[in-house]
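Student:
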Amino acid sequence: MSAPSALPASPLQSEFAARLIAWQREHGRHDLPWQNTRDPYRIWLSEIMLQQTQVTTVIPYYTRFLERFPDVAALAAAPLDDVMALWAGLGYYSRARNLHRCSQAVVEQHGGAFPSTVDALAELPGIGRSTAAAIASFAFGARATILDGNVKRVLARVFGVEGFPGEKRIENAMWTLAESLFPKDGGDDDISAYTQGLMDLGATLCGRGRPECARCPFASDCVANVTGRQRELPAARPKKAVPTRRTWMLVLLDGASVLLEKRPPAGIWGGLWSLPEAGDEAALEKRARAFGGARELEHLAPFTHTFTHFKLEIEPRVADVDAGRPGARLEAGDSETEWVPLADLDAYGLPAPVRKLLDSLRGSLL
DNA sequence: CAATCGTGGCA
DNA sequence: TTGCCAAGATT
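Going by the working numbering, the first sequence opens with residue 7, and the numbers climb by one from there.
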């Protein structure tokens, strides 16, 4: 076990864990909904939801999810559509698909009990190295370090790690550093406090905006604080141009029912229900006719939805089913479609902008 | 290994 | 208003 060659040795390395554990016990968070349990199911669920997602966003989803699926067997037995509906709005929907697959793997391959080692956990869908370490350390007291966004920020500042942490070489160095800092001894409670302390320090005192260095247990040793470079560490992500895509969405109404189309299992909004789309006005008119819609498409106000990697300009169109036309209310093509009463939309997993669009429409129609 | 994959909050 | 990115994993 040697210090990472790319990083300078710090006198802090031997004291880091003990100081962090003490700080966590005194000043860390102890009452989040997924704390004060060693149930690997609850811990796993929270860790998956918290991937790239802030605590305040997760809490209501977590509560609802646990009510509906109180244990891994209940989740494994549920239809994927039900899981997607509960996940809708939380984003990164591959997490929900992998969550469902993972629950079934736990039931079918592990007898319904989560494995207790980092390596076995990391074999499961949706569980990578850091999430495996979080679950294993919280639920089973395993001696494995996490490395999430909080830890990267703390390490970059305290130890002065240069370079963008998303870059492979920098991330590798941080894994080595994080492992070298893990407490050499201590029981399960110490390990939990340590792992939680890494997260708490990054999420509370050492946030991205204005770190509260005066309250930090590492203030006197922290490279960023001592050199006044809190704003420059960790290095920012390299900027990239954000491309714009454009899509036409069809709100096809039959009375108080709307036509939904299930999205492909992979790609953006994979596995959610959405509105039928087309790449231009004429193609959407053609699709509307194929579904039994009237010829005239009413224009609604276009709007833009911004993703991390691109902007999507949405051109919404509304049409009614042409009741007098033979073959009205068809379900054409090989895509999966359903007519859904507007009052039942809550049971369907819709993309956030589609949810907003239909909610506003429902308000004006009813 | 760099790109992909959501959404909402906040500076 | 715009930019930035949060308890990352997968391909």
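Every residue, glycine too, gets a C-beta built ideally from N, C-alpha and C. From a predicted model like this one, the values you see are computed outputs, not experimental measurements.
Would you report the Cα separation of arginine 31 and serine 198, rounded to the nearest angstrom?
Tutor: Approximately 10 angstroms between the Cα atoms of the pair.
Student: Select from Leu265, Arg135, Ile65, Leu367 the residue whose C-alpha is nearest the C-alpha of glutamate 342.
Tutor: Taking only the C-alpha atoms, the option nearest glutamate 342 is Leu265.
Student: To the nearest angstrom, how far is it from the Cα of alanine 84 to the Cα of arginine 25?
Tutor: Each residue's alpha carbon lies about 44 angstroms from the other.
Student: Three Cβ pairs or more, each shorter than 8 angstroms: is that satisfied between the region 69–87 and the region 157–170?
Tutor: Flag = no, the region 69–87 and the region 157–170 do not touch.
Student: Expressed to the nearest angstrom, what Euclidean distance is found between the alpha-carbon atoms of phenylalanine 170 and histidine 305?
Tutor: C-alpha separation (whole angstroms): 45 angstroms.
Student: Rounded to whole angstroms, what is the Cα-Cα separation between alanine 289 and aspartate 326?
Tutor: Spanning the two alpha carbons is a distance of roughly 17 angstroms.
Student: Taking 8 angstroms as the limit between beta carbons, can you name the residues of its chain near isoleucine 49, skipping five residues before and five after?
Tutor: Answer for isoleucine 49: Trp40, Thr43, Ala140, Ile141, Phe144, Ala145, listed in chain order.
Student: Measuring alpha carbon to alpha carbon, tell me which residue in Thr182, Ile176, Val232, Lys317 is nearest lysine 246.
Tutor: Of Thr182, Ile176, Val232, Lys317, the residue nearest in Cα terms is Lys317.
Student: Going straight from the alpha carbon of tryptophan 254 to that of arginine 103, what length do you get?
Tutor: Using only the alpha carbons, I get a separation of about 26 angstroms.
Student: Thinking leucine 371 and leucine 351 are a contact (beta carbons under 8 angstroms), I'd like their distance in whole angstroms, please.
Tutor: Not quite, the Cβ-Cβ distance comes to about 12 angstroms (not below 8 angstroms), so this is no contact.
Student: Along the beta strand (DSSP E) that carries aspartate 260, what are the first and last residues, could you check?
Tutor: Run containing aspartate 260: 250–260, per the beta strand (DSSP E) assignment.
Student: Do the CB positions of valine 167 and leucine 204 come within less than 7 angstroms of each other?
Tutor: Going by C-beta atoms, valine 167 is not nearer than 7 angstroms to leucine 204.
Student: Just to confirm the assignment, what range does the beta strand (DSSP E) spanning glutamate 344 have?
Tutor: Residues 343–347.
Student: I believe leucine 56 touches phenylalanine 71 by the beta-carbon criterion, under 8 angstroms. Please report the beta-carbon distance rounded to the nearest angstrom.
Tutor: About 13 angstroms; that fails the 8 angstroms criterion.
Student: In this structure, does DSSP put serine 263 in helix, strand or coil?
Tutor: DSSP places serine 263 in strand when its eight states are reduced to three.
Student: With three or more beta-carbon pairs closer than 8 angstroms as the criterion, would you say the region 210–226 touches the region 262–280?
Tutor: Result no; under three Cβ-Cβ pairs closer than 8 angstroms.
Student: Once DSSP output is grouped into helix, strand and coil, what is the label at histidine 305?
Tutor: Looking at histidine 305 - three-state DSSP - the assignment turns out to be strand.
Student: Count the other CB atoms within 10 Å of the CB of methionine 7; is the residue buried (16 or more) or exposed (fewer)?
Tutor: The predicted position of methionine 7 is uncertain, since its pLDDT is 34 and thus under 50; a value taken from the coordinates is nonetheless stated next. It is exposed - the Cβ of methionine 7 has fewer than 16 other Cβ atoms within 10 Å.
Student: Should the region 289–299 be called in touch with the region 230–244, which here means at least 3 C-beta pairs below 8 angstroms?
Tutor: No, because fewer than three Cβ pairs between the region 289–299 and the region 230–244 fall closer than 8 angstroms, the two stretches do not touch.
Student: How many Å lie between alanine 284 and arginine 251 at the Cα?
Tutor: Distance between the alpha carbons of alanine 284 and arginine 251: 12 angstroms.
Student: Looking at the secondary structure, which residues open and close the beta strand (DSSP E) in which proline 322 lies?
Tutor: It spans 317–326 - the beta strand (DSSP E) in which proline 322 sits, taken as one unbroken run.
Student: Rounding to the nearest angstrom, what Cα-Cα distance links arginine 361 and alanine 179 in this structure?
Tutor: So the two alpha carbons sit approximately 42 angstroms from each other.
Student: By alpha-carbon positions, which one of Tyr68, Ala80, Arg107, Pro76 ends up nearest to alanine 94?
Tutor: Checked all of Tyr68, Ala80, Arg107, Pro76; the closest Cα to alanine 94 is Tyr68.
Student: Taking 8 angstroms as the limit between beta carbons, can you name the residues of its chain near arginine 101, skipping five residues before and five after?
Tutor: Excluding sequence neighbours, arginine 101 sits near Ile54, Met55, Gln57, Trp93, Gly132.
Student: Please list the terminal residues of the continuous alpha helix (DSSP H) segment that includes valine 61.
Tutor: Where valine 61 is concerned, the enclosing alpha helix (DSSP H) stretches over 61–74.
Student: Under the rule that 16 or more other beta-carbon atoms within 10 Å means buried, what is alanine 272, buried or exposed?
Tutor: Exposed is the call here.
Student: Given a threshold of 16 other Cβ atoms within 10 Å of its Cβ, counted over all protein chains shown, does serine 226 qualify as buried or as exposed?
Tutor: Label assigned to serine 226: exposed.
Student: Excluding the 5 residues flanking tryptophan 181 on each side, which residues of the same chain have their C-beta closer than 7 angstroms to its C-beta?
Tutor: Here the set comprises Leu153.
Student: So what does DSSP say about lysine 245, is it helix, strand or coil?
Tutor: It is coil, neither helix nor strand.
Student: Which partner residues of tryptophan 279 appear in the DSSP bridge assignment?
Tutor: In the DSSP output, where bridge partners are listed per residue, tryptophan 279 has Lys268.
Student: Do the CB positions of leucine 390 and phenylalanine 22 come within less than 7 angstroms of each other?
Tutor: Only positions 7 to 372 of the chain appear in this structure, which leaves residue 390 out of reach.
Student: Got a sec? Which residues, its chain only, sit under 8 angstroms from phenylalanine 313 by beta carbon, not counting five neighbours each side?
Tutor: Closer than 8 angstroms at Cβ, skipping near neighbours: Ile274.
Student: Looking only at its chain, what residues have a beta carbon closer than 6 angstroms to the beta carbon of arginine 35, apart from the 5 residues adjacent to it on each side?
Tutor: Around arginine 35: Asp206.
Student: Just to confirm, is the Cβ distance from serine 109 to valine 64 under 7 angstroms?
Tutor: Contact: no.
Student: With DSSP run on the structure shown, which of helix, strand or coil describes alanine 9?
Tutor: The predicted model places alanine 9 with a pLDDT of 40, which falls under 50 and marks its position as unreliable; any figure quoted below should be read in that light. Of the three classes helix, strand and coil, the one that applies to alanine 9 here is coil, per DSSP.
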